[in-house]
Amino acid sequence: EDQVTQSPEALRLQEGESSSLNCSYTVSGLRGLFWYRQDPGKGPEFLFTLYSAGEEKEKERLKATLTKKESFLHITAPKPEDSATYLCAVQATGGTSYGKLTFGQGTILTVHP
Amino acid sequence: NAGVTQTPKFQVLKTGQSMTLQCAQDMNHEYMSWYRQDPGMGLRLIHYSVGAGITDQGEVPNGYNVSRSTTEDFPLRLLSAAPSQTSVYFCASSNYGGTEAFFGQGTRLTVV
Chain A
1 EDQVTQSPEA
11 LRLQEGESSS
21 LNCSYTVSGL
31 RGLFWYRQDP
41 GKGPEFLFTL
51 YSAGEEKEKE
61 RLKATLTKKE
71 SFLHITAPKP
81 EDSATYLCAV
91 QATGGTSYGK
101 LTFGQGTILT
111 VHP
Chain B
1 NAGVTQTPKF
11 QVLKTGQSMT
21 LQCAQDMNHE
31 YMSWYRQDPG
41 MGLRLIHYSV
51 GAGITDQGEV
61 PNGYNVSRST
71 TEDFPLRLLS
81 AAPSQTSVYF
91 CASSNYGGTE
101 AFFGQGTRLT
111 VV
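Protein sequence lines, in the order shown, are assigned to chains A and B. Read in order, the letters of the first sequence correspond to residues 1 to 113 in the working numbering. Read in order, the letters of the second sequence correspond to residues 1 to 112 in the working numbering.
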């Protein structure tokens, strides 16, 4: 059974204080690992997809990395507008797995000015 | 381009009532799915579809029914609502490559 565990559950940062969110996963065969951002009352918004160990992707102050067992979302010099819940999900290999994502419980990030 | 549209946004049901949550996408995506989100539980897959006429169960399918007669629409039916189905429901769609899933804005359902 595919499993995703995110840590910490909640993270409070001061504006400009860099940090990382962790996503540990177990999956029979990894097709892709996804990061989403979710604002209160909204649906998840796509950030990144990582496919293989060693891969990195960046978007503004966010950088996602992937190893064979975990992924990190690094936040550099965060701003209050980066406050949100960050979700990690995995997609397994297999023909019918394209529509199926297994999510972690999320990390609630709060950035104080 | 509306993306994924869910209706209604909010709904209150009495125990035992039935209802249908609507989901429509205008991106011609093959894959569509329904998730529920509960505090501390993350999003859990209810049902999904890999194309018109093809559906399958996810992690928590009991009490829900789906069908997919067109590429655009993927309604979720609650057969007999129970308080345990109080949750926020999200519909998502993705293309054949599945490189990202687009989510709707959610339906907040309360069963009393």
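A virtual CB, placed ideally from N, CA and C, is assigned to each residue, including glycine.
In this structure, does DSSP put residue i in helix, strand or coil?
i        : result
B:ASP38  : strand
A:GLU15  : coil
A:GLU58  : strand
B:ASP56  : strand
A:GLU70  : strand
A:GLU45  : strand
A:SER82  : Before going on, a small fix: residue 82 of chain A reads as Asp here, not Ser. Reduced to three states, the DSSP call for A:ASP82 is helix.
B:GLN22  : strand
A:SER28  : coil
B:SER67  : coil
B:SER84  : helix
B:ASN95  : coil
B:MET27  : coil
B:PHE10  : strand
A:ALA89  : strand
A:ALA10  : strand
B:GLY51  : strand
B:GLN105 : coil
A:SER52  : coil
B:LEU79  : coil
A:LYS100 : coil
Between residue i and residue j, how many whole angstroms is the CB-CB distance? I'm expecting something under 8 Å.
i       : j        : result
A:HIS74 : A:GLU15  : Between A:GLU15 and A:HIS74 the Cβ distance is about 16 Å, and since that is not below 8 Å, they are no contact.
B:THR5  : B:GLY104 : 6 Å
A:LEU87 : A:LEU66  : Actually they do not touch by this definition, with Cβ atoms about 16 Å apart.
B:THR7  : B:GLN25  : The pair is not a contact, with the Cβ atoms about 13 Å apart (cut-off 8 Å).
A:VAL4  : A:THR102 : 6 Å
B:LEU43 : B:PHE10  : Contact flag wrong, Cβ pair sits at about 19 Å.
Going by beta carbon distance, what residues of the same chain come within less than 7 Å of residue i, once the five residues before and after it are set aside?
i        : result
A:SER19  : LEU11, LEU13, ILE75
A:ASN22  : GLN6, SER7, GLU70, PHE72
A:ALA84  : ARG37, GLN38, ASP39, LEU109
A:GLY29  : ALA92, THR93
B:VAL111 : LEU13, THR15, ALA81, ALA82, PRO83, GLN85, THR86
A:ASP82  : ARG61, ILE75, LEU109, VAL111
B:ALA2   : ASP26
Residues in the same chain with beta-carbon distance under 6 Å from residue i, minus the five sequence neighbours each way, listed in chain order, please.
i       : result
B:ARG68 : SER49, ALA52, THR55, PHE74
B:ALA92 : SER33, ALA101, PHE103
B:THR71 : ALA52
A:LYS63 : HIS74
B:SER94 : HIS29, TYR31, ALA101
B:THR20 : PRO75, ARG77
A:PRO44 : TYR36, GLN38, LEU87
CB-CB under 8 Å to residue i, same chain, minus the five flanking residues each way: which ones, in chain order?
i       : result
B:LEU45 : SER33, TRP34, TYR35, GLY58, GLU59, VAL60
A:ARG32 : Per the sequence shown, the amino acid found at residue 32 of chain A is Gly instead of Arg. So the qualifying residues of the chain are THR49, LEU50, TYR51, VAL90, GLN91.
A:PRO80 : GLU15, VAL111, HIS112, PRO113
B:SER18 : ARG77, LEU78, LEU79, SER80, ALA81
For chain D, is any of its Cβ atoms less than 8 Å away from the one on residue i?
i       : result
B:ALA81 : Although the question refers to chain D, the structure presented lacks it and instead comprises the protein chains A and B.
At a Cβ cut of 7 Å, what residues of the region 41-61 of chain A count as close to chain B, listed as they run along the chain?
If the cut-off is 7 Å between Cβ atoms, the region 41-61 of chain A has LYS42, GLY43, PRO44, PHE46, THR49 near chain B.
Contact between the region 47-62 of chain A and the region 10-26 of chain B is defined here as three or more beta-carbon pairs at a separation below 8 Å; is this criterion met?
At 8 Å Cβ cutoff, the stretches do not touch.
With 7 Å as the C-beta to C-beta threshold (strictly closer), list the residues of the region 46-73 of chain B near chain A in chain order.
TYR48, SER49, VAL50, ASP56, GLY58
Selection of the region 10-26 of chain B by Cβ proximity to chain A, strictly under 7 Å
none
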